[in-house]
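S.K.:
Residue numbers (our numbering), protein chains in the order written: chain A, 32 to 373; chain B, 32 to 373; chain C, 32 to 373; chain D, 32 to 373.
(1) For residue 348 of chain C, is the classification buried or exposed, using 16 other Cβ atoms within 10 angstroms of its Cβ as the cut-off for buried?
(2) Could you work out which residues of chain C lie near residue 272 of chain B, taking near to mean beta carbons separated by less than 9 Å?
(3) Cβ of residue 165 of chain B less than 9 Å from any chain C Cβ?
(4) Note down, in chain order, every chain C residue with its Cβ under 9 Å from the Cβ of residue 341 of chain D.
(5) If we call anything under 9 Å between Cβ atoms a contact, is residue 240 of chain B one with residue 219 of chain B?
(6) If you measure from the beta carbon of residue 281 of chain D to each beta carbon in chain C, is any gap under 9 Å?
(7) Please classify residue 107 of chain C as buried or exposed, where buried requires at least 16 other C-beta atoms within 10 Å of its C-beta.
(8) Can you tell me which of the three DSSP states residue 243 of chain B falls into?
(9) Can you give the Cα-Cα distance for residue 117 of chain B and residue 213 of chain A, rounded to whole angstroms?
(10) Determine which residues of the region 240-255 of chain B have a Cβ less than 7 Å from any Cβ of chain A, and write them out in chain order.
(11) According to a CB-to-CB cut-off of less than 8 Å, which residues of the region 46-64 of chain A neighbour chain D?
(12) Taking C-beta to C-beta, are residue 302 of chain A and residue 237 of chain A nearer than 9 Å?
(13) Alpha carbon to alpha carbon, what distance is there between residue 104 of chain B and residue 34 of chain B?
(14) So within the region 230-288 of chain B, which uninterrupted alpha helix (DSSP H) runs reach at least 4 residues, ignoring any that extend past its ends?
(15) Can you list the beta strand (DSSP E) stretches of 3 or more residues lying completely in the region 69-157 of chain B, in chain order?
(16) Would you say residue 350 of chain C lies against chain D (beta-carbon separation less than 9 Å)?
(17) Residue 124 of chain C to residue 324 of chain C, Cα distance in whole Å?
(18) Return the first residue and the last residue of the beta strand (DSSP E) that residue 33 of chain D is part of.
(19) Among D:222, D:228, D:187, which one has its Cα closest to the Cα of residue 207 of chain D?
(20) Hey, is residue 127 of chain C's beta-carbon within less than 9 Å of any beta-carbon in chain A?
(21) Have a look at residue 76 of chain D and residue 338 of chain C and give me their C-alpha separation to the nearest angstrom.
(22) Short of 8 Å in beta carbon distance, which residues of its chain neighbour residue 286 of chain A, apart from the five on each side in sequence? Order them along the chain.
(23) Would residue 71 of chain B and residue 49 of chain C be called neighbours here (beta carbons separated by less than 9 Å)?
(24) Is DSSP giving residue 371 of chain D helix, strand or coil here?
(25) Which term fits residue 367 of chain D, buried or exposed, when burial requires 16 or more other beta carbons within 10 angstroms of its beta carbon?
(26) Taking any Cβ of chain A, which residues in the region 311-325 of chain C have a Cβ under 8 Å from it, in chain order?
(27) For residue 282 of chain D, which residues of its own chain have a beta-carbon under 7 Å away from its beta-carbon, when the five flanking residues on both sides are left out?
(28) Classify residue 145 of chain D as buried or exposed, calling it buried when 16 or more other Cβ atoms lie within 10 Å of its own Cβ.
(29) Tell me whether the region 144-162 of chain A and the region 352-367 of chain A touch, counting them as touching only if at least three CB pairs, one residue from each stretch, are closer than 8 Å.
(30) If you measure between the beta carbons of residue 148 of chain C and residue 159 of chain C, is that distance less than 9 Å?
(31) For residue 293 of chain B and residue 74 of chain A, what's the separation of their Cα atoms in angstroms?
(32) Answer yes or no: does any C-beta atom of chain A fall closer than 9 Å to that of residue 221 of chain B?
(33) Would you please verify whether the beta carbon of residue 169 of chain A is less than 9 Å from any beta carbon of chain B?
(34) With a threshold of 9 Å between beta carbons, is residue 149 of chain C in contact with chain B?
(35) State whether the region 76-96 of chain B contacts the region 252-268 of chain B, with contact taken as three or more CB pairs (one from each stretch) at a distance under 8 Å.
(36) Give the straight-line distance between the Cα atoms of residue 111 of chain D and residue 335 of chain B, rounded to the nearest whole angstrom.
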């Protein structure tokens, strides 16, 4: 940390500042310069960083010289994290494909779709039991019954499952019935929920908040990691944009940025990222080419009857074709693209 | 609702569509036009609106002709809602001023600040017991102890209190100890929390989500109202902007837009809305001139020692001057500005 | 066009409105409904659309039933436009690769880079002679001398060239010396410039404005097309985002959206779209997988000496590897991905 | 400037870097630290700042210690700039009110509106002769004839005039006929136009670009100032937002931020800032309370007949009432609000 002093600092203010640095367990090395005196502060900066030093009388500027140390950073861990969900592995160079309906609507609908996504080559089954809906008057999911249908579909097809949780009081039921728990975009900063999931040790699929920077997102992951749960998969699903052409603005560069900052796996959700079925295949393929560890897609046997997100669901046949494309692109990626630049 | 049919619709598709409309309890009136046949659909549209009609074969376009009916709308209630918090009234033409620290840090700090904001002319005391923090390593509030300190400060000063809740499991403790419960920007779409607060009947201060449209925000209020709790106050606190000059982009026009759409009171938070103490007074004054029902400001006895949001806190003297300005502007507003255009 | 009348409309107001419709050369068909009387207006709506009908007394709502007819739309032309730049074709299924320095700095620098990008497999050479710079104190390009160096480099290497123009007074010099003229993001709405380029008939590379919706962008293209110049190539280069991790927020879904709306070719600029050299290869590959007709990349022989945009320039060797990747991905795309869903 | 060296820097790299600093006419003072060796670089940094130092081998980080010196900054000039437009002064504590139609449509329309805005108490008359329109098929203004009508209306009423220019080739005609030349939001970065206006010496009303940060905006002003023309007035008119409730997102905090950074006057345009006539009065009042030096409002004698921006134009009577409100608020502001905190 570098503190630039105000030329008008009084000797008392200067002494108080040095005391403060020392009280925080750090050392300051003073150097005169044309910008005013500089204090180069070293040691364990944790305590000092939490203080509003810029407001202390006599301080003109505070400059960070080291990045905040976090469990999600490449400084902490260089090898990629691989998260195991049942027998499926996410991260570390492979491509994990996830498909299924937005919402679990009935045993019949879920099972038919589960079989179809399995036949298409998906690795995991998604399905919402607790549905966040903008309007309180929309269908809000089957709740615990939906979780049980997911468990049954998993037993039947052998596909591990992922489903969203919104309320810390539902964590236990989710953890018992599904293999991976999703935190949706609206709850990325639901810190009590994140802590609860951190304590569960269960795999967590953490979607990016709609107005979250990549740093905000990694700090949300940190809430889970800090509880001792390393099983976090990040999911880019678009941020709020100004163009109504798409439901969200899918930020595929985030995949590449994350590779330079974190060891956690990153998957992409082109369904919420675009909001329109016809835009899902090109964006899913682009996600694979950008280096994503996986793709999660909404699939419905008959989109025109879906109770939520009907416009962005693929039919099973379209999903099957897309899975083929993605596997092919991933094989090209694997053999021909040097990993160093991604 | 208007449905524009595809010229290539088959008789079977047309018949199925009409059955669907009828099954939903509505009537369709068919009219030929140069755009293709038009169906003007009337009746109770609730069921039909939840269906993905645009995906039904033979349908080219679906146009809404009436706005979604909601409890927060002016169609539902024309006279302004007045929310009572203890003996204080928010809404209906007055100006309610709220001040206090970002976080409750100690009995001493809270009480000293509470006395100062009361002396400055504030109507309510704010203070955070559960603090949402981007980093899990930041100070996260005193929890239940903080709530008790708020109750004590309220007894001592006579000021009603407002404090944030993030976890549905904390609602009971909050409702017991503080007079108004705040839902923060990160939890605007924490639907389980909103329902819990709706059932409590307690006054709710609902902050706008950082990437929420005004419609999204009113639908969040609807979650509380739909549980039978009419005591909702909206709080504009800025949305995510692209200019790092300010912490958020304060959308004062939202105050004027809300006047055209809802009967609920609206207050403004210039502290989070700007993030810098020196920008708080001009934006607080602008909020009053824009017609806000109140203003909520962070005040700390010594900002340079604050454990959170230090850079945006006003000192008690600055808050006192600001309260005078705001009262004066409100009096001008009241006597000289016709209410019709605001 | 559908006009919903206010139930309180007076007979005089209704008569005046019908006169207005007729005076604009259209016909109105009146239909009673539960929403108030509906007027279905048919005929050539051009005149009527320019009028503020919503403000006419007695009108409650105006709903468009047909999209604005434009020369860029798929309604106007279904087969893809192919723009010829020298002997190079952009659009229609191939992949056009463009490389070169941000700014032309010297004969030597340009020629060395031109040879390198040609060797790497690029089809066109880019280079800025007139540089838009945020600060008036930055290097602003060599102007007409830069254009002449581009012409020389083109003669030497055989690569057609593209360079930016900002001032209508420079159009003639640009058109004389380079094969394609670029309109930068800051000038997307410089309408006088667009008209001048439209009249030139020269190929135009039209970058997306930093806060332009796709509709805004297509309307800018329309300014060129409406002058009788069909040679417009669109270039996605990112919009303003809120996360400082990247210089812009590259909107790759725009490529897929444009496929559903226009016959014009679309290329992608991952250099400005990300602002960091290490993010360029993954985003370039993603652009190809998303279906772009081409990619434009900044290449500098020694980025650490570049006079502008140094941080986003690739070295020639990295560009060569990337060209190989992109050609490979395009071949996969061509043979295996059904064109229908993109 | 502070350069943090990579611990792995070689002696040759270090020597080359020091040579580079010296060649740029600066001095470097080396200091060891726990972050690696630090070079504190002093002297005239202009040359060095233009170099991509971060890319030089052996450099880990470059930190600016002084802000970029600009003619618009408070470091350069502390007393507020007052721009004289005819006999009217903008800046320095007063409130300048500007009204008039979006577009000059006819002699009759302009003169009637000019008389009305004068009677309402406006100081300047606005009116567009060259209209930037998203669609090439919209009304694009009367051009030079419009400028002449403005000159006539000014002679008749005594009001100085302001009108937009978009093309450097029209600057001379504008400067001859109107008293202040406006640069619109789409042309904030039309650098050739800014330079031409800088050389004219004429008063310039510089609107904020739709996606411009405050720093971008001040750098655009710098283009005019650097040509020796100090007569620049900034105009906040809203940035691109994500909520369709308003046409733009009016950033009133920008007024307060600019007070902390520049001596140039700042006015606000609530007409484009909101896009709806009913939102204009509250936002105009808020602008005055926020400390703006003036407000510019679109006024049309019959908005329902306006050829552009009809929905945001005030009728003359509404403008008159608003002028009264604004003058009253400004008088309160003047007498009762300490200037120090704005």
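All C-beta atoms in this analysis are idealised placements derived from N, C-alpha and C, irrespective of residue type, glycine included.
M.R.: Here's the rundown:
(1) exposed
(2) 273
(3) no
(4) 82, 83, 85, 86
(5) yes
(6) no
(7) exposed
(8) coil
(9) 40 Å
(10) 241, 242, 247, 250, 253, 254
(11) 60, 62, 64
(12) no
(13) 25 Å
(14) 245-256
(15) 69-74, 90-94, 114-116, 119-121, 127-131, 155-157
(16) no
(17) 7 Å
(18) 33-36
(19) D:228
(20) no
(21) 16 Å
(22) 267, 297, 299, 318, 321, 322, 323
(23) no
(24) Reliability fails at residue 371 of chain D, whose pLDDT of 39 lies under 50, so the model's placement of it is uncertain and no value is given.
(25) Because residue 367 of chain D sits at a pLDDT of 42, beneath the cut-off of 50, its placement in the model cannot be relied upon, and the following sentence gives the value as read from the coordinates. So residue 367 of chain D counts as exposed.
(26) 312, 313, 314, 316, 317, 318, 319, 320, 321, 322
(27) 267, 269, 270
(28) buried
(29) yes
(30) no
(31) 54 Å
(32) yes
(33) yes
(34) no
(35) no
(36) 30 Å
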